[in-house]
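Structure, as structure tokens:
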Amino acid sequence: MLILGLESSCDETAAALVTDEGRVLAHRLAGQEAAHAPYGGVVPEIAARAHVEALEPLIQAAFADAGVTLAEVDAVAATAGPGLIGGVMVGLVTGKALAHAANKPLIAVNHLEGHALSPRLADRDLAFPYLLLLVSGGHCQLLLVEGVGRYRRLATTIDDAVGEAFDKTAKLLGLGYPGGPAVERLAQEGDPAAVPLPRPLKGAAEPHFSFAGLKSAVARAVGGHAPADIAASFQLAVVECLIDRTRRALAVAPQATALVVAGGVAANGAVRGALEALAAEHDLRFVAPPGWLCTDNAAMIAWAGVERFAAGLTDPLDVAARPRWPL
Ligand code: KG4
Ligand code: ZN
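For the sequence shown, the working numbering gives the first residue as 124, with consecutive numbering after it.
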């Protein structure tokens, strides 16, 4: 089985070709960092226009890389939400057009499901159910992944997403956008004990997250401490919150057979290391996709397409793009 995947829900345009054996035959990506950098964040209108320009050449390049044609794919999978609606529509309409032209089924993929199933592309032995910490620019959730299309949300953030906290901290420190990788680099030169920062909701009974207070505390610390110390102290506070909340979720979901992390923030080495230790402590397998598969990409959308197609889940060509779409 061969699936074409398209992703355009935020600021990455991507196309990939993935088989049901988990072979990534092609995976092309065009970032828009330069276009958004002057604004310190993603501008939806600029993003949508950039997707229009980038998507078609990327699809052609992906087919050339893989040495296959549209006629050889079994279905077309495109992100249908959640995300910036203009961008989502560009990818979904393109997917519909290709599916219609080649007479192939369409699979409308929830972007979060792409992240949630990506660990099974990275590790073909990963079985359900697993506890997933989904940490990205727009989301911070703990999900019990019971099967394809079966996601039980155990926790979510009550204010900011964790990637958003990284991006805002980067902005406060003058590190530019996107902030996560820049904060991680700077943190390596700092003292994580130098700046006293809060650990919001640490110890709370419900496994929810909160990062707004941490962001405000970072804003107050700026100027009074070395930027590297702020970055290191911030990253440690985030890691401690994520670990405390994940530990709580493991207590309420003992059926999980593995601890899994996905989403852009899963590319962070400190976050991965701490979760790996937590998994070991609980005698659980730990799975984290490689960095390129953690941040937005189309291979995870193609893979979600593989899993949905195998389960007989396809969508009509009039399926709607959804800016909000909880898993
Ligand atoms: O999953 P993703 O690529 O896009 C969304 O669906 O949101 O996640 C992007 C987020 C951004 O907030 C970015 O700063 C963060 O992931 N990120 C990181 C790292 N790499 C990306 N955060 C911390 N450390 C990193 N190395
Ligand atoms: Zn994402």
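Note that beta-carbon positions come from the ideal geometry of N, C-alpha and C, so glycine has one too.
For residue i, which three-state DSSP category applies?
i, result
"Y300", "coil"
"I281", "coil"
"L249", "coil"
"D438", "strand"
"V166", "coil"
"V175", "helix"
"V258", "strand"
"G326", "coil"
"P242", "helix"
"Q311", "coil"
"E363", "helix"
"P180", "helix"
"G387", "helix"
"T192", "coil"
"L320", "coil"
"R445", "coil"
Among the candidates the options, whose CA atom is the shortest distance from the CA of residue i?
i, options, result
"L324", "P301, G154, V410, D367", "D367"
"D441", "E156, F186, G218", "G218"
"Q311", "V383, E179, A411, S356", "S356"
"V410", "E430, A239, A293, K294", "A239"
"G297", "F432, G435, R247, G163", "G163"
"A360", "L401, A317, L229", "A317"
"T142", "A425, P449, P446", "A425"
"P377", "A351, P315, L416, H405", "H405"
"G428", "L207, R243, G210, E156", "R243"
"L152", "W415, A328, S259", "W415"
"A170", "C133, A138, N233, V384", "C133"
"A328", "A351, R308, L277, R146", "L277"
"A194", "L373, G214, L140", "L140"
"L459", "T192, P412, H331, A185", "What is shown of the chain runs 124 to 450, which leaves residue 459 out entirely."
"D246", "A198, E144, T292", "E144"
"R146", "L267, R308, I126", "I126"
"G210", "G302, A137, A220, D197", "A137"
"P304", "P319, P315, G286", "G286"
By how many angstroms is the C-alpha of residue j removed from the C-alpha of residue i?
i, j, result
"A231", "A200", "6 angstroms"
"P439", "L229", "7 angstroms"
"A225", "V166", "33 angstroms"
"A422", "D283", "27 angstroms"
"A390", "A288", "15 angstroms"
"A160", "A173", "14 angstroms"
"E363", "A402", "15 angstroms"
"E430", "T380", "19 angstroms"
"F432", "A344", "50 angstroms"
"V306", "S259", "15 angstroms"
"P321", "K294", "19 angstroms"
"T369", "G313", "26 angstroms"
"L382", "G190", "36 angstroms"
"H234", "T202", "6 angstroms"
"G386", "G237", "9 angstroms"
"P350", "V384", "28 angstroms"
"S339", "V213", "36 angstroms"
"A443", "T192", "27 angstroms"
"V341", "E269", "37 angstroms"
"T292", "G299", "10 angstroms"
"H348", "A393", "21 angstroms"
"S131", "L254", "27 angstroms"
"L181", "L215", "15 angstroms"
"R290", "F186", "The sequence given here places Asp at residue 290; Arg does not occur at that position. Answer to the nearest angstrom: the Cα atoms are 34 angstroms apart."
"L407", "P449", "27 angstroms"
"D197", "A434", "14 angstroms"
Bridge partners of residue i, per DSSP?
i, result
"F409", "L382"
"A234", "Note that residue 234 is His in the sequence shown here, rather than Ala. Bridge partners of H234: none, in fact."
"A138", "L129, R151"
"C417", "DSSP output for C417 lists no bridge partner at all."
"R453", "Outside the shown range of the chain, which is 124 to 450, sits residue 453, and nothing can be said about it."
"H348", "V345"
"F332", "T280"
"L229", "V199, D438"
Just reading off the beta strand (DSSP E) that residue i is part of, what are its end residues?
i, result
"G270", "263 to 270"
"V199", "198 to 204"
Please report the residue range of the alpha helix (DSSP H) in which residue i lies.
i, result
"H223", "208 to 225"
"W456", "Any question about residue 456 goes unanswered here, given that the chain covers just 124 to 450."
"E404", "392 to 404"
"A158", "156 to 159"
Is the CB of residue i under 9 angstroms away from at least one CB in chain B?
i, result
"A402", "No chain B appears in this structure, which consists of one protein chain only."
Under 5 angstroms from any heavy atom of ligand 4, by CB: list those residues in chain order, please. The ligand content of the structure shown is limited to ligand 1 and ligand 2, which means ligand 4 is not among them.
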